[in-house]
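Below is one structure; the comments refer to it alone.
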Amino acid sequence: MAATLFHKVWDLHTVRKLPSGQTQLFVGLHLVHEVTSPQAFDMLRQHGWTVAFPERTFATVDHIVPTSSQKRPFLDVMAEEMMGALERNCRDAGVSLWTPESGDQGIVHVIGPELGLTQPAMTIACGDSHTSTHGALGAIAFGIGTSQVRDVLASQCLALDPLKVRRVEVNGRLNRGVYAKDVILTIIRRLGVHGGVGFAYEYAGSTLDAMTVDERMTICNMSIEGGARIGYVNPDQKTFDFLRGRRFAPQGDAFDRAVAWWRSMATDANASYDDRVTFDASTIEPTVTWGINPGQSVAVSERIDTSPDDEALAFMGFKNGSKVEGTRIDVAFIGSCTNGRLSDLEEAARIVRGHRVAPHVKALIVPGSQAVRRAAEARGLHEVFTDAGFEWRGAGCSMCLGMNPDKLEGRQISASSSNRNFKGRQGSPTGRTLLMSPAMVAAAAIAGEVVDVRAMLEGVPA
Amino acid sequence: MSAVTRITGRALPLRGDDIDTDRIMPARFLKAVSFEGLDQHLFEDDRRADAAHAFNDSRYAGATILVVNANFGCGSSREHAPQGLARAGFRAIVGVSFSEIFQGNAAMLGVPCFVADAPEVERLQTLVERAPETSIDLDVASGTVTAGSLRIAASLPGATRDAFLSGQWNPTAMLLAQFEEVRAVARRLPYVAGF
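Heads up: the sequence lines are chains C and L, in that order.
So the mapping is simple: the numbering used here equals the position in the first sequence, first residue as 1, plus 195.
So the mapping is simple: the numbering used here equals the position in the second sequence, first residue as 1, plus 287.
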């Protein structure tokens, strides 16, 4: 019978139906970081359990690492303690860990694909809601809590209820200056921040087909902001080309056998879905959020007029009928698991080249991984950014959630390429976040206010 | 681990849709290697910004049932949010809808998240705001919330309900019970075998 990738992967990884009625699902790859794992390792010790599949478990440090200097010991005593706990836990369990000294450290959702750990038709779990990112390569990837991290460490399994599948189809060509970030913000705006609860989102259509794997990662990353725990794109030639030659990808003939299997796991042509929605790419514009959840957005040319939420308007300092365009910003942040990859930095650099950051703006570029940072430096991007007045930082989550020294202060407004505009998200309880594409952040940094990046792209070679 | 069949206690009504886990537990309190003391920081920033926040209201002190609106616990998967609530004494949450990750995390701590229709939830919130001393009774098997003369239907996902009733809401032991089957699944996966 015709089936979706989600159902094929679910069935293949099902161990058994539990007495509770839930499904016991095998986890092919467990990714671990410093914030949501120490308590899980403690629980294992309390019960006398060991890590069942250390060879399928990989760890890095991302949330708390400082990005101005990653030298150990970290100046923040608590950050250093968390780093130390992760090192001890991984060493004792025989789990690979990428520390800042390793040269391969980075945001867990950036390094998984980068190292070729993330592969199609795999089940992946990580104690982080943006684990949905890995679906861009056709993996079924679950964000989990710490008690579930304990379960996966102990048994390599999760106890789960099945999900429905919604096909989210985007067709047509994106206009210049419109990016994957604008597509996913538009999807969340229309389907709502809890429209995806109970669903896995299968992203498809000619727009997705034409996207790079990096762009697909931006889309899948924010599935959770629309309530969908899982988002994925069926694996295709772009996926295979992306993976070929990566460190943990199958090598030689095994790679060709893997491709044949990956193809066989993709959704069948006549599979049925629990729901379908379609979007027209040509109608999508550069998009910015105005509120306190990622569904509260407008096209940059548009006025806020969507049965507005008074609490959000008051917090953000906007009025119904006002535009986000023209809003003076204090901070510009390019980075995060949503938009901290090399292609994001390249696009931002195209906008920045030959310009200066507005004097009142603090602007920082935080590469998603040490490998992204090295690749960007090899292309001279760091000089484009530093010449323009951006700070060029080390790899980590940084100001996406302000668990390291990079935080907003007071009521500062940040143009951010990250994923959440929740109250207090960027480290100041009263700080304000405007989510947008990295190109739009770069444009805002230069103008000192939110502008339409399309105007700045005039005259820039395509 | 024991069966959870009935929860009785006073309630705390917290109004608002889309209350995310960053608000329940701001990220700076995640900088720790244990969950201890998180109950001290629940809604810390919201409480500071709003003296009238329900968590500042002494009439609700000692409440064990939280009553919320739609999409509660959205955003970050941080278990620190339900850990804080459980450590503050909350035994159950009734709401219009929950983020899946939050609902699952809470279940693993023995805290069921019941789903009820929006007008019914508002009726319950209004009742508690008027009479905070009202004793609320949640019956897991029948999915019924009783508060004085108010009776509303509030359900748990099927498997979650059964897990609470049978005392199997914390699944680790079950996941380890037939470990040979886990190894058998691993062996049949091409990517584990190396293609």
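Just so you know, even glycine gets a beta-carbon here, dropped at the ideal spot from N, CA and C.
Note that this is a predicted model, so its numbers are computed, not measured.
| Asked | Found |
| --- | --- |
| Selection of the region 226-250 of chain C by Cβ proximity to chain L, strictly under 8 angstroms | Val230, Thr231, Pro233, Gln234, Asp237, His242, Trp244, Ala247, Phe248 |
| Reduced DSSP secondary structure (H/G/I, E/B, other) of tyrosine 374/C | coil |
| Local Cβ density within 10 Å of glutamine 390/L, reported as buried at 16 or more and exposed below that | buried |
| Pair within 8 angstroms by beta-carbon distance, aspartate 304/L and alanine 357/L | yes |
| Three-pair Cβ contact test at 8 angstroms for the region 246-262 of chain C versus the region 331-347 of chain L | no |
| Run of the beta strand (DSSP E) containing alanine 558/C, from where it starts to where it stops | 557-560 |
| Reduced DSSP secondary structure (H/G/I, E/B, other) of asparagine 366/C | strand |
| Span separating the alpha-carbon of glycine 397/L from that of arginine 620/C | 28 angstroms |
| Spatially closest choice to proline 308/C from Ala455/C, Gly654/C, Arg439/C, Asp470/C, by CA coordinates | Arg439/C |
| Under 7 angstroms (Cβ pairs) to chain L, residues found in the region 613-643 of chain C | Arg615, Phe617, Lys618, Gly619, Arg620, Pro624 |
| Proximity winner among Gly330/C, Pro233/C, Leu226/C, Arg267/C, relative to isoleucine 302/C (alpha-carbon distances) | Leu226/C |
| Helix, strand or coil at histidine 577/C according to DSSP, with G and I counted as helix | helix |
| Under 8 angstroms by beta carbon: chain C residues contacting aspartate 324/L | Here residue 324/L turns out to be glycine, not aspartate, going by the sequence shown. In chain order: nothing, as chain C lies at least about 13 angstroms away. |
| Same chain, Cβ closer than 8 angstroms to asparagine 366/C, neighbours up to 5 away in sequence not counted | Gly400, Ser401, Thr402, Thr473, Phe474, Asp475, Ala476 |
| 8 angstroms contact criterion, which isoleucine 524/C and valine 556/C should meet: CB distance rounded | 6 angstroms |
| Proximity test, Cβ basis, 8 angstroms: phenylalanine 221/C and chain L | yes |
| Closer than 8 angstroms to chain L by CB, valine 561/C | no |
| Chain C residues whose Cβ lies nearer than 7 angstroms to that of alanine 405/L | The contacting residues do not exist; alanine 405/L stays about 12 angstroms from chain C at best. |
| Contacting positions in the region 436-467 of chain L - beta carbon closer than 8 angstroms to chain C | Pro444, Gly445, Ala446, Thr447, Asp449, Ala450, Ser453, Gln455, Trp456, Asn457, Pro458, Thr459, Met461, Leu462, Leu463, Gln465, Phe466 |
| Assigned secondary structure, threonine 341/C (DSSP; H/G/I helix, E/B strand, else coil) | helix |
| Arginine 452/C: contacting residues in chain L (beta-carbon distance under 8 angstroms) | Pro477, Phe482 |
| Pair within 8 angstroms by beta-carbon distance, leucine 332/C and threonine 313/C | yes |
| Secondary structure of leucine 437/L, DSSP reduced to three states | strand |
| Beta-carbon separation (whole angstroms), alanine 494/C vs glutamate 480/C, contact threshold 8 angstroms | 4 angstroms |
| Within chain C, partners of leucine 396/L - CB distance below 8 angstroms | Ser342 |
| CB of asparagine 616/C within 8 angstroms of CB of threonine 625/C, strictly | no |
| Beta-carbon proximity of methionine 461/L to glycine 340/C, cut-off 8 angstroms | no |
| Among Arg458/C, Thr533/C, Glu541/C, Arg588/C, nearest to alanine 334/C - alpha-carbon criterion | Arg458/C |
| Any chain C beta carbon closer than 8 angstroms to proline 313/L | yes |
| Residue burial classification, lysine 359/C (beta-carbon count within 10 angstroms, cutoff 16) | exposed |
| Distance between aspartate 424/L and aspartate 539/C (C-alpha atoms, nearest Å) | 53 angstroms |
| Beta-carbon contacts of leucine 508/C that lie in its chain and below 7 angstroms, excluding the five residues immediately before and after | Lys514, Asn515 |
| Limits of the beta strand (DSSP E) - the one that glutamate 397/C falls within | 394-399 |
| Coil, strand or helix - serine 215/C by DSSP | coil |
| Any chain D beta carbon closer than 8 angstroms to cysteine 400/L | Absence of chain D from the displayed structure is noted, the protein chains being C and L. |
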